[in-house]
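>
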Amino acid sequence: MAYSDKVIDHYENPRNVGSLDKSDPDVGTGIVGAPACGDVMKLQIKVQDGVIVDAKFKTYGCGSAIASSSLVTEWVKGMAIDEAEKIQNKQIAEELSLPPVKIHCSVLAEDAIKAAIEDYRRKHGAAGADQEATGS
Amino acid sequence: MTTQTQTPSPEDRARTRPAVTAGRPIYMDYAATCPVDPRVLDAMLPYFTEKFGNAASRTHSYGWVAEEAVEIGRERIAEVIGASPKEITFTSGATESNNLAIKGVAEYLADKGRHIVTCVTEHKAVLDPCKYLERKGYEVTYLPVAPDGRVDPQRVADAIRDDTILVSIMFANNETGVVHPVPEIGRICHERGVLFHTDATQAFGKIPIDVQEMNIDLLSMSAHKIYGPKGVGALYLRRRRPRVRVVPLIHGGGHERGNRSGTLPVPLIVGFGEAAKIAAESMEEESRRILELREHMRRRIESEIPEVVINGSIEHRLPGTLNVSFKYIEGESLIMGLRGVAVSSGSACTSASLEPSYVLRAMGLDDELAHSSLRMCIGRPTTREEVDAVVDMLAERVAKLREMSPLWEMVQEGIDLSTIEWTAH
């Protein structure tokens with residue numbers, strides 16, 4: 002299969018590989034996928050004042066899965082969590098020119114950021130708006 | 010035959026290589042296909058041009074020359090497996106040979122019985138004809154394999170019924186290189202009076218095969234796995250004790266004793282014959298050299314890369330094939346990182362389905378391990394330098410991908426992956 006230049010770039014030079022401290026109350030962690038399916042993504046965000054100030058990922062999966070998660074961490078940095086929540090797999094697939102058989106990789110990346118945001122909100126036991134108020 | 014072909018010298022290999030991998034990825038996918046050996050190509054060329062006759066033309070020398078070339082090819086192929094030339098039917102390749110063997114026997118013996126025994130790890134070219142026959146009212150028993158990839162001959166014996174007409178078990182597996190206990194299976198089939206077909210596509214010309222000693226009644230072969238041309242194969246059909254008959258798939262001019270009509274591809278057959286002759290003559294020396302390289306590769310991988318699993322029996326295995334799972338990384342991403350190497354993945358992530366290799370799954374590998382597997386095959390042109398370069402690249406890539414792998418991270422933290430509730434998608 003031929004990969005797009007952008008997929009190859011993210012695969013070769015993945016952005017934001019790594020881990021944030023899971024127990025940090027400002028960190029939200031999303032782990033999605035399953036080893037049996039050949040894809041597992043761990044995406045973490047660090048939120049301050051309702052804004053994502055840092056993002057890290059680790060991905061087990063094909064090159065398109067790695068690229069999708071790498072791209073999402075790049076996109077969400079500096080974004081308000083309400084904005085990040087609106088990222089859709091279509092945008093990811095489009096940006097990386099994913100072929101139809103790899104669309105599920107972009108779906109997984111969307112799921113991962115949503116799961117990370119959800120985790121962050123769960124930690125704070127309230128909706129995002131409240132966090133913005135208390136965070137400052 | 011009378012002309013002597015030397016076993017491939019290092020010069021021959023060097024002569025092959027520039028055309029094969031110069032400036033391109035190191036080729037380690039010889040179980041998929043091989044380059045045509047230059048000696049094979051040389052033998053073929055005249056049959057495209059001045060010796061272009063139709064082997065079925067009986068009225069002039071063009072035809073006689075072509076027919077003679079075909080018969081020499083037939084003899085050379087028969088010789089490799091201890092058969093007589095009359096027992097060789099040319100086909101378009103091993104897929105056709107398997108189809109002709111399975112569907113041909115099934116139809117011919119339909120009145121005698123409608124049960125076939127095969128194995129879950131067979132190539133699709135065996136499994137799909139079997140499935141086709143199931144739709145036509147035949148019954149097929151798919152035997153499991155042991156974790157080492159081999160079928161237990163006792164299971165074959167137990168599966169044979171009064172209405173069993175054929176047992177089809179491959180000689181060596183294409184994904185793992187694991188060699189089945191063919192002589193034992195042959196003996197059982199012979200004792201029970203059931204025909205035994207073996208798909209020897211991977212084994213032919215690589216390891217010794219004797220259809221008499223091994224009680225093989227039908228055997229599928231292919232030219233391009235032994236440095237011959239693509240588009241030609243053969244089926245061995247035993248002529249005596251018992252005489253095997255098949256209903257042809259292709260009807261027409263009655264070529265190949267009526268078993269397979271169609272004008273014979275003379276240049277391809279000449280190439281197939283030459284490739285078979287070279288393979289037979291160089292088998293001992295070449296398999297020793299290739300086995301040495303493979304074991305060098307295996308030892309380096311096992312000692313330099315942690316958490317690897319060699320899939321399938323080491324002892325019962327083709328000399329050149331290695332199938333390895335690199336835990337906690339996904340096969341396709343590894344292949345993507347090995348752009349300097351041409352290998353194949355056990356992961357079917359490359360296809361539309363997310364199913365990992367059914368062969369590895371049948372050996373009891375979990376999905377994650379099956380997704381992490383690579384098949385590497387060493388061939389005639391492979392050098393020690395190439396093997397070392399591939400292992401170096403592998404070690405580097407595996408480390409890099411594990412650095413990126415959440416599974417690797419969890420395992421390092423002492424988490425048991427089997428206890429996690431994954432969100433399947």
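Order-wise, the sequence lines are chains W and B. For the first sequence, the numbering used here gives the first residue as 2, with consecutive numbering after it. For the second sequence, the numbering used here gives the first residue as 10, with consecutive numbering after it. Beta carbons are placed, not taken as given, at the ideal position from N, Cα and C, and that holds for glycine. Just so we're clear, the structure is a prediction, and the values are computed from it rather than from any experiment.
#1: Between glycine 280(B) and chain W, is any beta-carbon pair separated by less than 9 angstroms?
#2: Is threonine 60(W) close to chain B? Criterion is C-beta to C-beta, closer than 9 angstroms.
#3: By DSSP, does histidine 105(W) sit in helix, in strand, or in coil?
#4: Would you check if there are 3 or more beta carbon pairs closer than 8 angstroms linking the region 52-72 of chain B to the region 415-430 of chain B?
#5: Could you tell me if histidine 260(B) is buried or exposed, where buried requires 16 or more neighbouring beta carbons within 10 angstroms of its beta carbon?
#6: By the three-class DSSP mapping on this structure, what secondary structure does phenylalanine 281(B) have?
#7: Alpha carbon to alpha carbon, what distance is there between glutamate 301(B) and asparagine 14(W)?
#8: Kindly say whether isoleucine 338(B), judged by its beta-carbon, lies nearer than 9 angstroms to any beta-carbon of chain W.
#9: Assign lysine 23(W) to buried or exposed, taking buried as 16 or more other Cβ atoms, counted over all protein chains shown, within 10 Å of its Cβ.
#10: Can you pull the chain B residues whose beta carbon is under 8 angstroms from the beta carbon of serine 20(W), in chain order?
#11: Quick one: what's got a C-beta closer than 8 angstroms to alanine 35(W)'s C-beta in the same chain, skipping five residues either side?
#12: Taking all protein chains shown into account, decide if phenylalanine 61(B) is buried (16 or more other Cβ within 10 angstroms of its Cβ) or exposed.
#13: Counting only Cβ pairs nearer than 7 angstroms, list the residues of chain B close to glycine 31(W).
#14: Would you call the CB atoms of proline 94(B) and alanine 103(B) closer than 9 angstroms?
#15: Can you list, in chain order, the residues of the region 68-94 of chain B whose Cβ is nearer than 8 angstroms to any Cβ on chain W?
#16: Looking only at its chain, what residues have a beta carbon closer than 7 angstroms to the beta carbon of serine 322(B), apart from the 5 residues adjacent to it on each side?
#17: Among residues of its own chain, excluding the 5 on either side of alanine 117(W), which ones have a beta-carbon nearer than 7 angstroms to its beta-carbon?
#18: Any idea what DSSP makes of arginine 298(B), helix, strand or coil?
#19: For leucine 383(B) versus serine 353(B), is the C-beta spacing smaller than 9 angstroms?
#20: Alpha helix (DSSP H) containing alanine 94(W): first to last residue?
#21: Alpha carbon to alpha carbon, how far is valine 89(B) from glutamate 77(B)? Give it in angstroms, no decimals.
#22: Sorted by chain position, which residues of the same chain lie with C-beta nearer than 7 angstroms to glycine 349(B)'s C-beta, five sequence neighbours on each side aside?
#23: Determine, using beta carbons only, whether alanine 52(B) and valine 279(B) come nearer to each other than 9 angstroms.
#24: Taking 9 angstroms as the threshold (beta carbon to beta carbon), is methionine 80(W) in contact with chain B?
#25: Apart from the five residues just before and just after leucine 277(B), which ones in its own chain have a Cβ nearer than 6 angstroms to its Cβ?
#26: To the nearest angstrom, report how far apart aspartate 208(B) and alanine 371(B) are at their CA atoms.
#27: Do valine 396(B) and methionine 306(B) have their beta-carbon atoms positioned less than 9 angstroms apart in this structure?
#28: Is it buried or exposed for proline 251(B), if we count other Cβ within 10 angstroms and need 16 for buried?
#29: Within 8 angstroms, do at least three Cβ pairs link the region 258-273 of chain B to the region 195-212 of chain B?
#30: For tyrosine 12(W), go through chain B and note every residue whose CB falls closer than 7 angstroms to its CB, in chain order.
#31: Along the chain, where does the alpha helix (DSSP H) that runs through glycine 64(W) open and close?
#32: Name, please, each residue of chain B whose Cβ falls closer than 9 angstroms to the Cβ of tyrosine 4(W).
#33: Looking at the structure shown, is asparagine 183(B) part of a helix, part of a strand, or coil, going by DSSP?
#34: Report, in whole angstroms, the separation of the C-beta atoms of valine 79(B) and alanine 284(B), which I expect to be a contact under 8 angstroms.
By the coordinates alone:
#1: At a cut-off of 9 angstroms between beta carbons, glycine 280(B) makes no contact with chain W.
#2: Interface residue (Cβ-Cβ distance to chain B less than 9 angstroms): threonine 60(W) is classified as such.
#3: Correct three-state label for histidine 105(W): helix.
#4: The way I'd put it, the region 52-72 of chain B doesn't touch the region 415-430 of chain B; fewer than three beta-carbon pairs between them come closer than 8 angstroms.
#5: Classification for histidine 260(B): exposed.
#6: In the structure shown, phenylalanine 281(B) sits in a helix (DSSP, three-state: H, G or I).
#7: Cα to Cα, asparagine 14(W) sits roughly 37 angstroms from glutamate 301(B).
#8: Yes, isoleucine 338(B) counts as interfacial toward chain W.
#9: Lysine 23(W) is exposed by the Cβ-count criterion.
#10: Those within 8 angstroms of serine 20(W) in chain B are Glu418.
#11: Within the same chain, and ignoring the five residues on either side of alanine 35(W) in sequence, the residues whose Cβ sits closer than 8 angstroms to its Cβ are Val41.
#12: The residue in question, phenylalanine 61(B), is exposed, as its Cβ has fewer than 16 Cβ neighbours within 10 Å.
#13: At a beta-carbon threshold of 7 angstroms, none of the residues of chain B lie near glycine 31(W); the nearest stands roughly 10 angstroms away.
#14: Alanine 103(B) is positioned such that its CB atom lies no closer than 9 angstroms to that of proline 94(B).
#15: The region 68-94 of chain B vs chain W, Cβ under 8 angstroms: nothing.
#16: Same-chain partners within the cutoff: Asp157, Gly158, Arg159, Val187.
#17: Here alanine 117(W) has Gly29, Thr30, Gly31, Leu44, Gln45, Ile46 as same chain residues with Cβ atoms under 7 angstroms from its own Cβ, once five neighbours each way along the sequence are excluded.
#18: Here arginine 298(B) carries a helix assignment [DSSP, helix/strand/coil].
#19: For leucine 383(B) and serine 353(B), yes; Cβs fall inside 9 angstroms.
#20: 90-97 is the span of the alpha helix (DSSP H), which, as asked, contains alanine 94(W).
#21: Glutamate 77(B) and valine 89(B) have their C-alpha atoms some 19 angstroms from each other.
#22: Excluding residues within five positions, the ones whose Cβ falls inside 7 angstroms are Pro34, Ile35, Met402.
#23: Yes. Within cutoff.
#24: No, because no Cβ of chain B sits closer than 9 angstroms to the Cβ of methionine 80(W).
#25: Short of 6 angstroms from the beta carbon of leucine 277(B), and not among the five residues preceding or following it, lie these beta carbons of its own chain, in chain order: Pro238, Gly240, Val241.
#26: Rounded to whole angstroms, aspartate 208(B) to alanine 371(B) spans 18 angstroms at the Cα level.
#27: It is a contact, given that the beta carbons lie within the stated cut-off.
#28: Result: exposed.
#29: These segments do not touch.
#30: Chain-ordered, the chain B residues with CB closer than 7 angstroms to the CB of tyrosine 12(W) read Met345.
#31: 64-77 is the span of the alpha helix (DSSP H), which, as asked, contains glycine 64(W).
#32: Per Cβ cutoff of 9 angstroms: Met345.
#33: Of the three classes helix, strand and coil, the one that applies to asparagine 183(B) here is coil, per DSSP.
#34: In fact, because the Cβ distance is near 15 angstroms, the residues do not count as touching under 8 angstroms.
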